[in-house]
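Notes follow the structure.
Residue numbers (UniProt numbering): 1 to 740.
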């Protein structure tokens, strides 16, 4: 009793010890029971101390349980110290240690102690090999796996059910599926009902290498299926693009569907670009009373982020709150990413502030968000705050800051950050970082410096580098240098459509139509095809997608009438389409027609006829920025009506022409503030300012009180105009385009 008092057990531990107050009477079964009842590592150490007092520290069974419990309490180093102090090591001790190391993701150490076991002459048994094989599988080590397989054959355990499943799983992981199939075919228990796990593993292997016909045949042959069998095949079909077959199997699952089944389907649809279907399925799942888990929510939020489906994203956010789903780092990051990509950077900031778990990805998303929305100062502050919290920057976070500096025209600051990434952060620059610096210099028109920088790179310039330079050349109308960059692109990636299209545009801008046709013929002869661009927008919770010249929409007549009305009104106010970069040798009228049917314009027109006053129109493009430091699958533009707080979240990545969507105003006698905020190079900025000056002169608007004018050249472009009905006779509609 005195011993117990001296040890000062925590109150919680008294519940364990109270039933048996006298350690003096404890024997092996009592201590093992006590070890199993321990709630944490501290209690385990206290029990261990009593074991030592009772001279039972050499008892193999007790020590085995101590190591096992240390592993469960995530104190594997404590377990290792117990193991190393035990002299008479046997197979039971090695097995429990190897398993503990594997379950704590210390795979290399798990294999190391297996080797020690063999060297010491301790014979592995059927409980040793499964965990060694799982460690090898996690590391993807083919050579080590082959050696362990030989050991299995040596001790005659090749037909053990658990060992065979782990062997098949290993060969599937390292993509030696033929070996996996051979082991499967030789398995004497493959036709037994309890062998369902073996069937699932081999079906997954066939899916992994794209042998879907074999996977389907195996699925049909199975003596019995469980929900895991269905989920494995559905997931494999979706990974291989066979969406219809996957949906067919999913519909066949009646009472067998679980949350994993729904998650596999939603995630697969999202990966195949069927974002609206993924969201529809998510909400159907909720309606049927199936509670989403973290992975389901992450997949659905990713679909929202890629399509700008803000309303759907808000509903998912509400579902998270209502169901009390734990806002861990993965869910929080997906939510943060969704709001940032949907143009609601302030909402993203609120989510960020409320997250208790923040990892490096969380900070990087927030930095990217501020950067692509033109808030470079906030991006830099966020970067510094991250460092102050003790999180070490990685390549992604540095790239985000560089991108922000590039968009804001802060060349010197961006170069300083690039120079410090190795010196202060110990980060080795990758090709993406070099491309960001080329973009930084190119946007500012400092082409000589950009070329010198490319020449001084320790890495061989690739497609991304020359693409970034080309994009800057095109924005600054530097045709000669754009031609050089385009030719470099074609040398590096002769099968990539972007290089051909860009080179054609260079020749088109110079009026060299014979060269344009030559490039186009070369594309055809080499079977190079350009991915069609599309624009999408969300109206009443439904996504509507448009391609150039789209005629499939049910409201196509209304859309084209509205588009014609907008462009006619814009031309009356001085808007002239820029046709010099149109690919074909056609007359100006045809060029304007080609420009007029761009997918984003059709989406804008549809938004105007489908939404009422005060509704924000958000357009997302799928243009892949192949030359950007990071490939972006969507460029988001927000257009607000009537309550004209207009945000341009189009970040004008390299490879993407600097353009800003037009504004369609209906003046109703109420003051309408127009706020335009973006970060652009001086050349483009000047063009935008000239167009706004033109609008002022046409409508006799003088920037005085109550008008507000603010322009900061160093930090990008930020103007606020307040049009009041008393000081400006504005027409019923004005359509403005910065760089169309």
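The beta-carbon is built from N, C-alpha and C at its ideal position, and this holds for glycine as well.
{"Item": "Which of helix, strand or coil DSSP assigns to residue 56", "Value": "coil"}
{"Item": "Alpha helix (DSSP H) segment containing residue 254, residue limits", "Value": "Counting along the chain, residue 254 falls outside any alpha helix (DSSP H), and DSSP gives it neither H nor E."}
{"Item": "Inter-residue Cα distance where the pair is residue 375 and residue 368", "Value": "10 Å"}
{"Item": "Option nearest residue 273 by Cα separation, candidates 255, 238, 84", "Value": "238"}
{"Item": "Separation of residue 287 from residue 719, as counted between CA atoms", "Value": "Only weak support is given to the placement of residue 719: the predicted model assigns it a pLDDT of 31, under 50, and the question is left unresolved by the model."}
{"Item": "Proximity to residue 481 [Cα-Cα], best of 445, 513, 457, 459", "Value": "445"}
{"Item": "Cβ-based neighbour list, residue 603, same chain, cut-off 6 Å, excluding 5 preceding and 5 following", "Value": "535, 537, 546, 619"}
{"Item": "Residue 487 versus residue 431 - alpha carbon distance", "Value": "20 Å"}
{"Item": "Nearest-angstrom Cα separation, counted from residue 278 out to residue 540", "Value": "17 Å"}
{"Item": "Residues sharing a beta bridge with residue 542, DSSP", "Value": "539"}
{"Item": "Collapsed DSSP secondary structure at residue 617 in the structure displayed", "Value": "strand"}
{"Item": "Cβ separation of residue 107 and residue 130, assumed to be a contact under 8 Å, to the nearest whole Å", "Value": "Between residue 130 and residue 107 the Cβ distance is about 14 Å, and since that is not below 8 Å, they are no contact."}
{"Item": "Collapsed DSSP secondary structure at residue 155 in the structure displayed", "Value": "coil"}
{"Item": "Complete runs of the alpha helix (DSSP H) confined to the segment 284–338 [at least 4 residues]", "Value": "294–307, 310–323"}
{"Item": "For residue 547, three-class secondary structure by DSSP", "Value": "strand"}
{"Item": "C-beta contact flag for residue 202 and residue 184 at 7 Å", "Value": "yes"}
{"Item": "Burial state of residue 231, where buried means 16 or more other Cβ atoms lie within 10 Å", "Value": "buried"}
{"Item": "Exposure of residue 102, with buried meaning 16 or more beta-carbon neighbours within 10 Å", "Value": "buried"}
{"Item": "Beta-carbon spacing of residue 79, residue 98 below 7 Å", "Value": "no"}
{"Item": "Between the CA atoms of residue 378 and residue 104 - distance to the nearest angstrom", "Value": "39 Å"}
{"Item": "Simplified DSSP state of residue 50, which is helix, strand or coil", "Value": "helix"}
{"Item": "Between the CA atoms of residue 148 and residue 64 - distance to the nearest angstrom", "Value": "24 Å"}
{"Item": "Residue range of the unbroken alpha helix (DSSP H) whose run includes residue 483", "Value": "479–492"}
{"Item": "Rounded Cβ spacing between residue 349 and residue 396 (contact assumed at less than 8 Å)", "Value": "Not confirmed; about 19 Å, so no contact."}
{"Item": "Euclidean distance between Cα positions of residue 390 and residue 422", "Value": "18 Å"}
{"Item": "Whole-angstrom distance between residue 406 and residue 440, CA atom to CA atom", "Value": "4 Å"}
{"Item": "Cα-Cα separation, residue 491 to residue 313", "Value": "43 Å"}
{"Item": "Which residues DSSP lists as bridging residue 534, in chain order", "Value": "547"}
{"Item": "Residue span of the alpha helix (DSSP H) that contains residue 359, given as start and end", "Value": "Run containing residue 359: none; DSSP gives neither H nor E here."}
{"Item": "Residue range of the alpha helix (DSSP H) that includes residue 204", "Value": "196–208"}
{"Item": "Rounded separation between residue 361 and residue 380 - CA only", "Value": "16 Å"}
{"Item": "Per-residue DSSP class, three states only, for residue 427", "Value": "coil"}
{"Item": "Burial state of residue 100 (16 or more Cβ within 10 Å)", "Value": "buried"}
{"Item": "Residue from 425, 290, 437 with nearest C-alpha to residue 413", "Value": "437"}
{"Item": "Buried versus exposed call for residue 392 [16 or more other C-beta atoms within 10 Å across all chains shown]", "Value": "exposed"}
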